[in-house]
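Quick mapping for you: the protein sequence lines, in order, are chains A and B. Okay, so the first sequence: first residue is 1 according to my numbering, each after it adds one. Okay, so the second sequence: first residue is 164 according to my numbering, each after it adds one. We treat Cβ as the ideally placed atom computed from N, Cα and C, and that holds for glycine. The block underneath contains the structure these notes are about, expressed in structure tokens.
Protein chains: 2
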Amino acid sequence: MRLQQSQLKAPTRLPSDSLQRAWVALGRVSQGVQCHVENALKEAGFPELSWYTVLWELERAGKPVRPKDLAIPLFILPYQLSRLVDRMEAEGLVKRIQCKEDKRGHMLEPTAKGFALRKAMWAVYAPAMDDAMSRIDDKEALKLAELLNKLGGIEHADCGDKG
Amino acid sequence: MRLQQSQLKAPTRLPSDSLQRAWVALGRVSQGVQCHVENALKEAGFPELSWYTVLWELERAGKPVRPKDLAIPLFILPYQLSRLVDRMEAEGLVKRIQCKEDKRGHMLEPTAKGFALRKAMWAVYAPAMDDAMSRIDDKEALKLAELLNKLGGIEHADCGDKG
DNA sequence: GAGGTTTGGTTGCGTTTGCAACAATCCCAG
DNA sequence: CTGGGATTGTTGCAAACGCAACCAAACCTC
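Written as structure tokens, this is what we have:
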């Protein structure tokens with residue numbers, strides 16, 4: 001119950017016009033560039049970006065990782081990750097290996113095939129990203145990232161099943 | 164076949180570090196704020212944002228609209244809209260009315276219930292949006308919108324089924 | 001005005017998602 | 001060491017999605 005009293009006074013607290021513009025632009029543009037990249041991957045016969053991200057995160061860690069430690073930075077729900085790993089494992093891209101310290105869970109590790117796929121995807125992903133984003137120059141990109149990060153202080157953890 | 168020759172030379176055209184930062188921030192932040200608003204709607208027992216957007220677009224037009232004229236600004240695929248309308252019609256929120264000039268298609272019109280829902284949703288949507296975005300001030304929001312719009316020149320029309 | 005192409009929209013089918021319920025283990029207080 | 005709650009991860013089911021195939025009307029050309 002986190003209603004501010006300001007909210008009780010005013011029937012609806014309106015976002016300013018500028019905020020609304022930013023909101024709309026954010027939605028459209030992020031969908032646009034996201035889509036551009038996903039299409040590029042699909043056209044090249046690759047799986048979707050989330051697969052890449054999982055593989056990359058595992059590779060970056062350099063050692064087996066618990067799903068829960070992946071779910072937060074990936075910003076996805078546990079059951080989503082569970083099924084994503086199901087599919088990736090079925091394709092032989094990652095392995096679930098037993099976890100001694102905590103028998104509930106397991107560790108995730110990319111296979112050789114997983115490494116290879118990640119690399120191959122990057123060869124498409126990178127140019128596509130560049131392509132999608134190159135309308136702004138470096139300085140603008142930095143400013144954009146800064147503004148977004150200021151905006152994005154929201155707690156990401158509770159997306160999808162907040163309690 | 165729109166490969167630049169620069170692409171043939173360099174094995175992969177890397178996005179600059181700044182672009183990558185902007186890309187990552189864009190993905191996370193947009194997901195975050197989007198999610199925040201969707202959650203607010205869900206918690207209030209309302210349907211998802213896309214329903215609102217359809218209703219709003221219809222209301223804004225002030226007259227019956229063809230699906231195709233909605234699909235582009237909404238940036239969704241025809242079959243997605245078709246089924247979205249199916250569900251909304253089933254809930255009595257919009258009506259498909261016959262189209263004299265073109266017997267393939269039809270016009271979409273919000274019902275009274277549709278109008279009412281749109282308004283009710285806004286009472287949740289607006290504060291949620293404000294809430295999600297209020298970490299930046301008006302000037303920053305304007306700058307953000309500007310940068311995003313510069314970035315977002317990408318043709319949106321071919322998202323999902325480019326040929 | 002007959003035939004082919006394009007446009008507007010829908011649908012069957014297999015896959016993926018979201019939710020809520022579940023199981024298994026861990027942790028901690030007493 | 002024992003019972004209650006918290007954590008970690010999975011799953012059954014219904015809803016939603018993506019794709020490709022499809023239908024019907026419109027348009028265009030000869």
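ask   = By how many angstroms is the C-alpha of Val124 of chain A removed from the C-alpha of Leu49 of chain A?
value = 11 angstroms
Q: Going by DSSP, name the residue or residues bridged to Glu211 of chain B.
A: Per DSSP, none; premise fails for Glu211 of chain B.
Is it right to say Pro273 of chain B is buried, meaning 16 or more other beta carbons lie within 10 angstroms of its own, or is it exposed? buried
- Query: Alpha carbon to alpha carbon, what distance is there between Val196 of chain B and Leu58 of chain A?
  - Reply: 26 angstroms
**Request:** Kindly provide the ranges of any alpha helix (DSSP H) runs that are 4 or more residues long and lie completely inside the region 25 to 98 of chain A, ordered along the chain.
**Result:** 49 to 61, 67 to 74 and 78 to 90
Discussion item. Just to confirm my understanding: we take Thr216 of chain B, look at its own chain, exclude 5 residues before and 5 after, and list those with CB closer than 8 angstroms. What are they?
Written reply: Leu237
ask   = What are the residues that DSSP puts in a beta bridge with Met284 of chain B?
value = Paired residue(s): none; Met284 of chain B is not in a bridge.
Measuring only between beta-carbons, confirm whether Glu48 of chain A sits less than 8 angstroms from chain B.
no
Subject >> Neighbour flag for Glu303 of chain B against chain A, beta carbons, 8 angstroms >> reply: yes
- Item | Span of the beta strand (DSSP E), counted from its first residue to its last, around Leu271 of chain B | His269 to Pro273
Exercise. In three-state DSSP terms, what is Leu147 of chain A?
Worked result: helix
* To do: Please report how far the alpha carbon of Cys99 of chain A lies from the alpha carbon of Arg281 of chain B, in whole angstroms.
  => 50 angstroms
* To do: Could you list which residues in chain A have their beta carbon closer than 7 angstroms to that of Pro241 of chain B, in chain order?
  => Ordered by position in chain A, no residue passes the 7 angstroms Cβ test against Pro241 of chain B, which lies about 16 angstroms from the chain.
Chain-ordered chain B contacts of Lys143 of chain A [CB-CB under 7 angstroms] = Leu310
| Do Arg191 of chain B and Lys150 of chain A have their C-beta atoms within less than 8 angstroms of each other? | no
- Query: Can you check whether the CB of Pro78 of chain A is closer than 8 angstroms to the CB of Pro67 of chain A?
  - Reply: yes
>> Output needed in chain order: residues of the region 118 to 130 of chain A with a Cβ under 8 angstroms from some Cβ in chain B.
In response: Trp122, Ala123, Ala126, Pro127, Met129 and Asp130
Tell me whether Ile235 of chain B is buried or exposed, calling it buried when 16 or more other Cβ atoms sit within 10 Å of its Cβ. exposed
Exercise. Please say whether Ala132 of chain A and Arg176 of chain B have beta carbons closer to each other than 8 angstroms?
Key: no
>> Determine, for Trp214 of chain B, whether the minimum Cβ-Cβ distance to residues of chain A falls below 8 angstroms.
In response: no
Quiz item: Is it the case that the Cβ atoms of Gly277 of chain B and Leu256 of chain B are separated by a distance below 8 angstroms?
Solution: yes
**OP:** Indicate whether at least one CB of chain B lies closer than 8 angstroms to the CB of Ile136 of chain A.
**Re:** yes
**Asked** On the three-state DSSP scale, how would you describe Leu19 of chain A?
**Response** helix
Next item on the list: Starting from the C-beta of Met269 of chain B, find all residues in its chain whose C-beta is less than 8 angstroms away, skip the five residues before and the five after it, and write them out in chain order.
Entry: Residue identity check: residue 269 of chain B is His in the sequence provided, not Met. Answer for His269 of chain B: Arg229, Pro230, Arg259, Ile260, Gln261 and Cys262, listed in chain order.
Problem - Cβ neighbour criterion (16 or more within 10 Å) applied to Asp138 of chain A - result: exposed
*asked:* Taking the beta carbon of Gly62 of chain A as the centre, do at least 16 other beta carbons fall within 10 Å, making it buried, or is it exposed?
replied: exposed
| Contacts of Arg184 of chain B in chain A (Cβ-Cβ under 8 angstroms) | Ala141, Leu142 and Ala145
TODO: Give the DSSP-derived three-state secondary structure of Asp137 of chain A in the structure shown.
DONE: coil
Checklist line | Ala141 of chain A beta carbon less than 8 angstroms from that of Leu311 of chain B | finding: no
message: Rounding to the nearest angstrom, what Cα-Cα distance links Met251 of chain B and Trp219 of chain B in this structure?
response: 13 angstroms
query = Mind checking Asp265 of chain B: buried by the 16 CB within 10 Å criterion, or exposed?
reply = exposed
Q) Leu177 of chain B by DSSP, collapsed to three states: which one? A) coil
Exercise. Can you find a C-beta in chain B that's less than 8 angstroms from the C-beta of Arg13 of chain A?
Worked result: yes
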